[in-house]
Ligand SMILES: NC(=O)c1ccc[n+]([C@@H]2O[C@H](COP(=O)([O-])OP(=O)(O)OC[C@H]3O[C@@H](n4cnc5c(N)ncnc54)[C@H](O)[C@@H]3O)[C@@H](O)[C@H]2O)c1
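Residue numbers (the working numbering): 15 to 307.
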């Protein structure tokens, strides 16, 4: 087991990528504290992990609140005696044109996605220094270095994470604390059919199904040159490596897990361009129907 005897905090572990990492870390022998605002999702993570014999606990914390992150780290150390790994993964998506983004929006996005990561380091680093080392892993996004419309606040938060990680690597190297980042592309954390079922009003479902039913996964699948629907495990396997002792000489690095999306050269003759338009067409349909996006 690659993380035997190690203890970890994974923020945002009540769902998606965080749940995937918490689960795989436990399978690899780590004891994990999940920090999240979502209690119900957290209980589900605990149920899944404990069914596999994993050692896991949940601590409710809002990562945008500095002291709550302190409580999360303190609670993890009190429960498991030490802290070897911090994965700052909790985050929210956000999409709005820059001129419509309010100060409150920006505070929410930067507060959750960037300040939350910073606060985790603020509290975890003294513990790791006392122990003589540790591993920090921050979850950014390909939005950190590739632009897309309506994502200014989100991109700013994720770009900040990448810069922060490089600085951490240098500042903390003398203490054998490593800091790395992962930038995922498009990873499916949900069942798409159920997702759209929850968003489309009952009266319009038949029409939505007829028009887009067989295409809801197309956008996810064809967005990235490796035409497949990526899942949380695709990120979790890389995370295990980066926080394990196998990566003892790896710090300040930034791993992109996006099926090749960021290295694709745009070409007019791309046969999959139409399939990738599915998301845009659904959005257009939402707008035509006056539905909230
Ligand atoms: N899934 C993707 O395609 C993708 C791509 C790039 C980056 N990411 C990043 O990966 C991370 C995980 O995303 P995901 O796709 O698993 O999303 P998700 O919504 O499934 O999970 C996010 C988790 O963070 C928690 N969370 C949100 N705000 C919080 C707060 N203030 N305090 C504590 N917990 C909070 C949520 O409750 C949830 O459990 C995020 O940082 C996201 O930006 C995801």
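Glycine included, every Cβ here is placed at the ideal spot set by N, Cα and C. Here the structure is a predicted model, which means the values were calculated and not measured.
Problem - Same chain, Cβ closer than 8 Å to residue 165, five either side skipped, listed in chain order - result: What you label residue 165 is simply residue 151 of the chain shown in a count that begins at 1. Spatial neighbours of residue 165 in its own chain (CB-CB distance under 8 Å, excluding positions within 5 residues in sequence) are listed in chain order as 108, 109 and 157.
Problem - Identified DSSP bridge partners for residue 101 - result: In the chain shown, counting from the first residue as 1, residue 101 sits at position 87. Looking at the DSSP assignment, residue 101 forms a beta bridge with 24 and 151.
Handout entry: Distance, residue 215 Cα to residue 303 Cα
Key = For the purposes of this step, residue 303 is taken as the residue at position 289 of the chain shown. For the purposes of this step, residue 215 is taken as the residue at position 201 of the chain shown. Going from the Cα of residue 303 to the Cα of residue 215 covers about 10 Å.
Exercise for the section: Just the C-alpha distance for residue 267 and residue 250, rounded to the nearest angstrom, thanks. Expected result: On the chain shown, residue 267 is found 253 positions in, with the first residue counted as 1. On the chain shown, residue 250 is found 236 positions in, with the first residue counted as 1. Residue 250 has its alpha-carbon roughly 16 Å from the corresponding atom of residue 267.
Handout entry: Nearest-angstrom Cα separation, counted from residue 286 out to residue 79
Key = Here residue 79 is taken as the residue at index 65 of the chain shown, counted from 1. Here residue 286 is taken as the residue at index 272 of the chain shown, counted from 1. Cα-Cα distance, rounded: 43 Å.
Exercise for the section: May I ask you to check if the CB of residue 78 is nearer than 7 Å to at least one heavy atom of ligand 1? Expected result: On the chain shown, position 64 is the one that residue 78 refers to. Under cutoff, so the answer is yes.
Practice task
Let me know if residue 259 comes out buried or exposed under the rule of 16 or more other beta-carbons within 10 Å of its beta-carbon.
Solution key: Counted from its first residue, the chain shown places residue 259 at position 245. A residue is called buried when at least 16 other Cβ atoms come within 10 angstroms of its Cβ; residue 259 does not meet this threshold and is exposed.
Practice task
Rounded to whole angstroms, what's the CA-CA distance from residue 208 to residue 34? Just pull it up for me.
Solution key: By one-based count along the chain shown, residue 208 stands at place 194. By one-based count along the chain shown, residue 34 stands at place 20. Residue 208 and residue 34 have their alpha carbons spaced roughly 19 Å apart.
Handout entry: residue 226 - containing beta strand (DSSP E), residue span
Key = Within the chain shown, residue 226 is the residue found at index 212, counting from 1. In this chain, residue 226 is not harboured by any beta strand (DSSP E); it is covered by the alpha helix (DSSP H) spanning 216-226.
Practice task
For the beta strand (DSSP E) holding residue 72, just list the boundary residues, first then last.
Solution key: Here residue 72 refers to the residue found at position 58 of the chain shown. Under the DSSP assignment, residue 72 falls in the beta strand (DSSP E) whose first and last residues are 69-74.
Exercise for the section: Within its chain, find whatever has a CB closer than 7 Å to the CB of residue 279; leave out the 5 residues flanking it on each side and keep chain order. Expected result: Sequence index remark: in the chain shown, residue 279 carries index 265 (1-based). If we look at residue 279 and ignore the five residues flanking it on each side, it has no Cβ neighbours.
Practice task
Could you check what DSSP says for residue 278 in three-state terms: helix, strand or coil?
Solution key: Sequence index remark: in the chain shown, residue 278 carries index 264 (1-based). Three-state result, residue 278: coil.
Exercise for the section: Look at the Cβ atom of residue 24, then the Cβ atom of residue 48, and state whether they are nearer than 8 Å. Expected result: Residue 24 sits at position 10 when you count from the first residue of the chain shown. Residue 48 sits at position 34 when you count from the first residue of the chain shown. In this structure, the beta-carbon distance from residue 24 to residue 48 falls below 8 Å.
Practice task
Give the DSSP-derived three-state secondary structure of residue 184 in the structure shown.
Solution key: Position 170 of the chain shown, counted from the start, is the residue given in the question as residue 184. Of the three classes helix, strand and coil, the one that applies to residue 184 here is helix, per DSSP.
Exercise for the section: Please confirm if the segment 179-190 is in contact with the segment 51-66, defined as three or more CB-CB distances below 8 Å between the two stretches. Expected result: Judged by Cβ distances under 8 Å, the segment 179-190 makes no contact with the segment 51-66, as fewer than three pairs qualify.
Practice task
Using a threshold of 8 Å, state whether the C-beta atoms of residue 201 and residue 245 are closer than that.
Solution key: Here residue 201 refers to the residue found at position 187 of the chain shown. Here residue 245 refers to the residue found at position 231 of the chain shown. Yes. Within cutoff.
Exercise for the section: Label residue 65 either buried or exposed according to how many other C-beta atoms from any shown protein chain fall within 10 Å of its C-beta, with 16 as the threshold for buried. Expected result: Residue mapping note: residue 65 aligns to position 51 of the chain shown, counting from 1. Residue 65 comes out exposed.
Exercise for the section: Look up residue 268 in the DSSP assignment and give the residues it is bridged to. Expected result: Within the chain shown, the letter at position 254 stands for residue 268. 195, per the DSSP bridge assignment.
Handout entry: Residue interval of the alpha helix (DSSP H) (run including residue 123)
Key = Position 109 of the chain shown, counted from the first residue, corresponds to residue 123. Unbroken alpha helix (DSSP H) run through residue 123: 117-124.
Practice task
Answer yes if the segment 141-160 comes into contact with the segment 89-99, meaning at least three C-beta pairs across the two stretches below 8 Å, and no otherwise.
Solution key: Contact between the segment 89-99 and the segment 141-160 is present, with at least three C-beta pairs closer than 8 Å.
Handout entry: Simplified DSSP state of residue 244, which is helix, strand or coil
Key = Locating residue 244 in the chain shown gives position 230, counting from the first residue. Residue 244 falls in the strand class under three-state DSSP.
Practice task
Within its chain, find whatever has a CB closer than 7 Å to the CB of residue 115; leave out the 5 residues flanking it on each side and keep chain order.
Solution key: In the chain shown, the residue the question calls residue 115 occupies position 101. Counting only Cβ-Cβ distances below 7 Å, and skipping sequence neighbours, we find 166 and 167.
Problem - Cβ distance (whole Å) where residue 92 is taken to contact residue 63 below 8 Å - result: Residue mapping note: residue 92 aligns to position 78 of the chain shown, counting from 1. Residue mapping note: residue 63 aligns to position 49 of the chain shown, counting from 1. Residue 92 to residue 63, Cβ: 20 Å. No contact.
Problem - Where residue 238 falls, given that 16 or more other Cβ within 10 Å makes a residue buried - result: Counted from its first residue, the chain shown places residue 238 at position 224. Buried, since its Cβ has 16 or more Cβ neighbours within 10 Å.
Exercise for the section: Tell me whether residue 205 counts as near ligand 1, meaning its Cβ is closer than 7 Å to at least one heavy atom of that ligand. Expected result: Residue mapping note: residue 205 aligns to position 191 of the chain shown, counting from 1. Checking the Cβ of residue 205 against ligand 1 gives no.
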